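Okay, so here's the structure we're looking at.
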Amino acid sequence: MGTKNLVLAHKLIGEIPKDWKYIDFHEIYLKPIRDFGSFSSTKLITFLSEGIPFIKSEMIKEGIIDWENVSYISEDVHKVLNKSYVTSNTILFSKIGSALGKAVVYEGELGECNSNAAVAKILLDDEKADRYFYTYLLNNPIAKRQFIRMVISLLPRINLGDINSLIFPYPPLPEQRKIAKILSTWDKAINTTERLIDNSKQQKKALMQQLLTGKKRLLDDSRRVFEGEWEEVRLGQITEFIKDGTHGTHKRYETGIPMLSAANITKSHKISFKGAPFISGNDYKKIHSKYEISSGDILLTVVGTLGRVAIVSEDRKFTLQRSVAIIRVSNKADNQFLMQLFSSNDFNHLLVRKSNSTAQAGVYLGELARIKILLPPIEEQHKIASVFTNADQEIERLEQQLADLKQEKKALMQQLLTGKRRVKLDDTAAA
């Protein structure tokens, strides 16, 4: 890859190479862009479990269609909605809703489809433009900055005229294709990593069903399968104490002691201090006159968002609001084992059943202490916890790899789509 001198092309694009142009998006259409005549007509549709796939705007992600949530319509309805057919090689663009501004190329994987009025259908002239290159641009800040100037509404939406009037860079067609091919390689790596994460999570979920119920037993240090019955105990029997955070109102400060809530306990068993308010040292002393939160304590969300769990990994001063319980485990139990047990679907369903039926569901500490669980011998707990710790570390490694890939792709897109970084064309591509 090399570079060429850049020139100022347009105030909405910035600098692009001398041998590139800028265009109005509609100049490279094969036919006029379309959506569908009426939103109200789709309200009359009866959706089926099979038939013609019907693409809704919320199914459109950046470069991906979420087929898991696809609905179907009958052949007769499909014929009536003849203005909203979706055929292979069409760019689908979400004009409204949760997926506002997202674009993807429909590659014809489910044959001819239909779609609702919130989806714009864009067919480009293959002799002028590469559909994938311009899909990347539609998902790029180059397009989003222009839409921000246009979309000023209580119910944000993008009109066909807004899409038509987009200003885009226009490199030579062979260069468009090469750029799209390079970026698609990154997309494949991202998609592969996402699948690996999903598979790892599913495998862990299946393991939890087996190991946390005793249906599958591990090997002990002498390479023999663990034997013996598990003991049914109440949580209160295997803990030194179960407390919750402060019920009082405390003055907030810009610095001081962090006061965490359920929002600071993440799905991935982490404690986040981001966005936490601060209280004074004096208030902290009043709250923790009889105990302090220590490394190894389990934090469990018990009000509002139920069942998120983490283990305190450092002796850092902080306090909690009442939405989080502190569970200090006795020597009868492994805190890592209990954390995995608390994050299981079965335990979460149990928490929901135990919760009060107020507007903000919550579990009383007495109810929590009375919850019965099956507890294996301590050595078996250690082994089970170790298996899940390894699984969590692998998922965390893959998630970091995914974050790195997305960040690297974002930086590369910004360079390639504006010509700040040029691609080298082989003789075949340049012809």
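Residue numbers (my numbering): 2 to 432.
Backbone N, C-alpha and C define an ideal beta-carbon position, used for all residues, glycine too.
What you are looking at is a predicted structure, and each value in this text was computed from that prediction instead of being measured.
Evaluate residue i with the Cβ neighbour count: other Cβ atoms within 10 Å of its Cβ, from every protein chain shown; 16 or more gives buried, anything less gives exposed.
i: Ser172; result: Per the sequence shown, the amino acid found at residue 172 is Pro instead of Ser. So Pro172 ends up on the buried side.
i: Val226; result: exposed
i: Val353; result: exposed
i: Gly38; result: Per-residue confidence for Gly38 stands at a pLDDT of 47, beneath the threshold of 50, marking its modelled position as unreliable; the derived number appears in the next sentence. Per the 10 Å Cβ criterion, exposed.
i: Ile123; result: buried
i: Val81; result: exposed
i: Lys19; result: exposed
i: Asp335; result: buried
i: Asn83; result: exposed
i: Ser41; result: No answer about Ser41 holds up, because its pLDDT of 49 lies below 50 and its placement is not dependable.
i: Tyr137; result: buried
i: Val8; result: exposed
i: Gly109; result: exposed
i: Met2; result: The predicted model places Met2 with a pLDDT of 45, which falls under 50 and marks its position as unreliable, so this point remains unresolved.
i: Leu375; result: exposed
i: Asp36; result: buried
i: Leu125; result: buried
i: Lys12; result: exposed
i: Lys318; result: exposed
i: Glu51; result: exposed
i: Ser356; result: buried
i: Gly276; result: exposed
i: Asp427; result: exposed
i: Ala432; result: For Ala432, the pLDDT reaches just 49, beneath the cut-off of 50, and the residue's location in the model is therefore unreliable, although a value from the coordinates is still provided. Exposed, because fewer than 16 other Cβ atoms sit within 10 Å of the Cβ of Ala432.
i: Ala412; result: exposed
i: Tyr254; result: exposed
i: Gln401; result: exposed
i: Lys384; result: buried
Name, in chain order, the residues that DSSP records as bridge partners for residue i.
i: Ala130; result: Answer is none; Ala130 lacks a bridge partner.
i: Arg158; result: Ile97
i: Thr320; result: Met260
i: Thr302; result: Val325
i: Ser166; result: Paired residues: none, contrary to the question.
i: Pro54; result: Tyr73
i: Ile65; result: Lys62
i: Ser116; result: Ile56
i: Thr214; result: None; Thr214 has no bridge partner.
i: Lys122; result: Arg35, Leu93
i: Val330; result: Thr240
i: His11; result: Gly15
i: Ala207; result: According to DSSP, which records beta bridges pairwise, Ala207 is partnered with nothing at all.
i: Ile312; result: Ile299
i: Lys373; result: Arg235
i: Val105; result: Leu93
Are the beta-carbon atoms of residue i and residue j separated by less than 8 Å?
i: Ala100; j: Ser166; result: no
i: Tyr23; j: Ile14; result: yes
i: Ala263; j: Thr320; result: no
i: Ile46; j: Val78; result: yes
i: Ile164; j: Phe94; result: yes
i: Thr419; j: Ile149; result: no
i: Ile1; j: Leu403; result: Nothing can be reported for residue 1: it is not among the residues displayed for the chain, which extend from 2 to 432.
i: Ile243; j: Leu369; result: yes
i: Ala392; j: Ser269; result: no
i: Ile53; j: Met60; result: no
i: Ala386; j: Phe343; result: no
i: Thr88; j: Glu69; result: no
i: Ile372; j: Arg235; result: yes
i: Asp222; j: His251; result: no
i: Gly215; j: Pro377; result: yes
i: Gly102; j: Ile159; result: yes
i: Asp347; j: Ile328; result: no
On the premise that residue j lies in contact with residue i, defined as a C-beta separation below 8 Å, what is that separation, rounded to the nearest angstrom?
i: Val424; j: Lys179; result: 5 Å
i: Phe389; j: Lys205; result: 7 Å
i: Pro170; j: Trp21; result: 6 Å
i: Ala311; j: Lys271; result: 6 Å
i: Asn349; j: Leu307; result: 7 Å
i: Leu406; j: Ile191; result: 5 Å
i: Phe279; j: Thr256; result: 6 Å
i: Ser85; j: Ser116; result: 5 Å
i: Arg309; j: Thr240; result: Arg309 to Thr240, Cβ: 18 Å. No contact.
i: Ile97; j: Ala119; result: 4 Å
i: Leu161; j: Ala121; result: 6 Å
i: Tyr107; j: Ala181; result: The pair is not a contact, with the Cβ atoms about 16 Å apart (cut-off 8 Å).
i: Gln322; j: Met260; result: 6 Å
i: Trp187; j: Lys410; result: 4 Å
i: Glu195; j: Asn140; result: Glu195 to Asn140, Cβ: 17 Å. No contact.
i: Glu381; j: Leu213; result: About 11 Å separates the two Cβ atoms, so there is no contact after all.
i: Ser314; j: Ser290; result: Contact doesn't hold; Cβ gap of about 24 Å is too wide.
Answer with yes or no whether the minimum CB distance from residue i to chain B is below 8 Å.
i: Phe338; result: Reference to chain B is not applicable here, since this structure consists of a single protein chain.
Relative to the ligand NAP, is the shortest distance from any of its heavy atoms to the C-beta of residue i smaller than 7 Å?
i: Gly98; result: This structure does not include the ligand NAP; it has no bound ligands of any sort.
Entirely enclosed beta strand (DSSP E) segments - the stretch 221-279, minimum 3 residues
Runs of the beta strand (DSSP E) lying entirely within the stretch 221-279 and spanning at least 3 residues, in chain order: 232-235, 240-245, 258-261.
Output the residue ranges of the alpha helix (DSSP H) runs that lie fully inside the stretch 375-419 and measure 4 residues or longer, sorted by chain position.
As far as the stretch 375-419 is concerned, its whole alpha helix (DSSP H) runs of at least 4 residues are 379-417.
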